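Everything below concerns the one structure shown next.
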Amino acid sequence: MKTIIINAHVISPDVDIKNATIEIVGKKIASVKPSSASRLKSSSAGLKPGDTVVDVKGQYVMPGFIDVHTHGALGYDFCDADPKAIFEFAKAKLEEGVTTVLPTTLTVSHKELITAAKNAKKYDEAGQPYAKVPGIHLEGPFINVKCCGAQNPKYVRNPSVKEVKDIAKVYPVKQISYAVEAKDGAKFAKEMFKIGVVPSVGHTGAKFSDLEKAYKNGLRHMTHFCNQMTPLHHREIGMVGAGFLVEDLNTEVICDRIHLCDNMLRLIFTRRNLAHVQMITDSLRCSHCTDGYAFEMGGLKVLLKNGEARLVEGNNLAGSTLWMGLGLKNVHDVTGIPLCKLVRCTSWNQAIEQGWGKKLGKVEKGFLADLVVINPRSWKPSAVFVDGLQRI
Ligand SMILES: [Zn+2]
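Per numbering that gives the first Met the number 0, numbering of the sequence shown is gapless, rising by one per residue and ending at 391.
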């Protein structure tokens, strides 16, 4: 069975082709050609019964987004005990154009983390019907209590390899955000690699020297760069300084123009190597919801007001309501950088770090046909393909 997407404006890393034709055979992209194929007629394309032609009428076709840091949507949080949560969450993410997601936990009890992993397993056993969930991201609980942000300090604890292994026995853990300055924090990075987990420095009060030790043990990832980490000072450059000094640190960036001001977005996207920048949403259960929505997160009250999710007590930002595609649009608007340069930050960089870089993150022959069709006016997806099948 074959699917042919015609009249596509293909945006892929270093590729921008207007009026392209994408041929999908099975799960994979068989060809991407600039062509007069927009005038393709079913009869002339060698189509067989059951084959499909999809005319996207000049809309953008990009690699399906990979969100490695997101907690929930539509009123559901991945840490909810109810297994329905991950199904609804993954469905909402797919509607955003996210084809692969690492559902992200909060700093909660071990029992709650095990429940979240069990729910991910249930989603897997049901055939992963919406966005693909190859594993999960643990945000905490091994963070710095002074840099909790909206994470509940009550559940913060010291790094424990055993605890991560216990969770990974239930469902694969792909990433962990933790404070490298914690006891044995540098060694912890090495232990995480041994079990296939990407260690990431986050919610941290680390000095540059703390990061250097973890870097020597392979750590190359920073959780929501600039947010809840040590700022740049001219005598102690902190984690923000580290992100600018060390080229190969993969920095997550929340591009909602709230977590970082426009000039910070300009600094990051014009001064850092774009091969090491990953856009994330860090979205909460209030994403895909409307203003006035109130909820609890890890036992803390949060209110959505003017599109901003903040703790009722203390007013800390609690995460975002961002959609991946709108984050890409924001950075494009703020920096003027061409989409074909920025688009690697929404999937390919993530795929490379996670070891999927030969099959995900590009609209190119041989890659899996995980694709999002973006309406260039609303910047929302009008169609989403996963493994060659149109799911939206
Ligand atoms: Zn988060």
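Each residue gets a CB set at the ideal place from its N, CA and C atoms; glycine is no exception. In this text the structure is predicted, and so the values were computed from the model without any measurement.
Can you tell me the Cα-Cα spacing of P102 and A119, whole angstroms?
-> Along the sequence shown, one-based indexing puts residue 102 at 103. Along the sequence shown, one-based indexing puts residue 119 at 120. In a straight line, the C-alpha of P102 is about 8 Å away from that of A119.
Could you pull the DSSP bridge partners for V172 from this structure? For this step, residue 172 is matched to residue 173 along the sequence shown. The partner list for V172 (beta bridge, DSSP) reads I135.
- prompt: Apart from the five residues just before and just after E312, which ones in its own chain have a Cβ nearer than 8 Å to its Cβ?
  reply: As a first step, residue 312 is located in the sequence shown; it is residue number 313 there, counting from the start. If we look at E312 and ignore the five residues flanking it on each side, its Cβ neighbours are L299, K300.
Practice task
Round the Cβ separation of A10 and V342 to the nearest angstrom and send it over; I've been treating them as touching at under 8 Å.
Solution key: Indexing the sequence shown from 1 puts residue 10 at position 11. Indexing the sequence shown from 1 puts residue 342 at position 343. Per the sequence shown, the amino acid found at residue 10 is Ile instead of Ala. With 8 Å as the limit, I10 and V342 qualify as a contact, their Cβ atoms being about 5 Å apart.
- Query: For N81, is the classification buried or exposed, using 16 other Cβ atoms within 10 angstroms of its Cβ as the cut-off for buried?
  - Reply: Numbered from 1 along the sequence shown, position 82 holds the residue referred to as residue 81. Residue 81 is actually Asp in this sequence, not Asn. With fewer than 16 other Cβ atoms within 10 Å, it is exposed.
#### Entry: Proximity winner among K193, V160, P171, F77, relative to K182 (alpha-carbon distances)
In the sequence shown, residue 182 corresponds to position 183, counting from 1. Just measuring C-alpha positions, the residue of K193, V160, P171, F77 sitting nearest K182 is V160.
Worksheet item: In this structure, does DSSP put A89 in helix, strand or coil?
Response: Here residue 89 refers to the residue found at position 90 of the sequence shown. Three-state DSSP puts A89 in a helix.
Using only the heavy atoms of ligand 1, determine whether one of them is closer than 7 Å to the beta carbon of D281. For the purposes of this step, residue 281 is taken as residue 282 along the sequence shown, with counting starting at 1. Yes - ligand 1 has a heavy atom lying nearer than 7 Å to the Cβ of D281.
Next on the checklist: Between the alpha carbons of V179 and C147, how many angstroms are there, rounded?
Outcome noted: The residue given as residue 179 occupies position 180 in the sequence shown. The residue given as residue 147 occupies position 148 in the sequence shown. Going from the Cα of V179 to the Cα of C147 covers about 14 Å.
**Asked** Grouping DSSP H, G and I as helix and E and B as strand, with all else coil, what is M0?
**Response** The residue labelled residue 0 in the question sits at position 1 within the sequence shown. Residue state, collapsed to three classes: coil.
Item checked: Buried or exposed by the 16-neighbour rule on C-beta atoms within 10 Å, applied to T51 -> Numbered from 1 along the sequence shown, position 52 holds the residue referred to as residue 51. Counting Cβ neighbours within 10 Å, T51 comes out exposed, since fewer than 16 surround it.
> Do three or more CB pairs link the stretch 259-272 to the stretch 285-305 at distances below 8 Å?
Replying inline: Counting C-beta pairs closer than 8 Å gives fewer than three between the stretch 259-272 and the stretch 285-305, which falls short of the contact rule.
- Query: At what residue ranges does the stretch 323-366 contain a whole run of the alpha helix (DSSP H), taking only runs of 4 or more?
  - Reply: 323-334, 338-341, 347-353
- [ ] Look at the alpha carbon of K215 and the alpha carbon of F207, and state the distance between them as a whole number of angstroms.
- [x] Translated into the one-based positions of the sequence shown, residue 215 becomes position 216. Translated into the one-based positions of the sequence shown, residue 207 becomes position 208. Rounded to the nearest angstrom, the two C-alpha atoms are 12 Å apart.
Please classify V239: does DSSP put it in a helix, a strand, or coil?
Here residue 239 refers to the residue found at position 240 of the sequence shown. Helix, per DSSP.
The beta strand (DSSP E) enclosing L210, as first and last residue numbers: The residue given as residue 210 occupies position 211 in the sequence shown. Not the beta strand (DSSP E): L210 falls in the alpha helix (DSSP H), residues 207-215.
message: On the CB-based measure, 16 or more other CB atoms within 10 Å of its CB, does S286 come out buried or exposed?
response: Here the question's residue 286 lines up with position 287 in the sequence shown. With 16 or more other Cβ atoms within 10 Å, it is buried.
Self-check item: T104: CB within 7 Å of a non-hydrogen atom of ligand 1
Solution: For this step, residue 104 is matched to residue 105 along the sequence shown. Not so, every heavy atom of ligand 1 lies at least 7 Å from the Cβ.
**Message:** So K131 and V383 are supposed to be a Cβ contact under 8 Å. How far apart are they, rounded?
**Reply:** For this step, residue 131 is matched to residue 132 along the sequence shown. For this step, residue 383 is matched to residue 384 along the sequence shown. Rounded, the Cβ-Cβ distance is 11 Å, inconsistent with contact.
Buried or exposed by the 16-neighbour rule on C-beta atoms within 10 Å, applied to H275: Taking the sequence shown and counting its residues from 1, one reaches residue 275 at position 276. It counts as buried.
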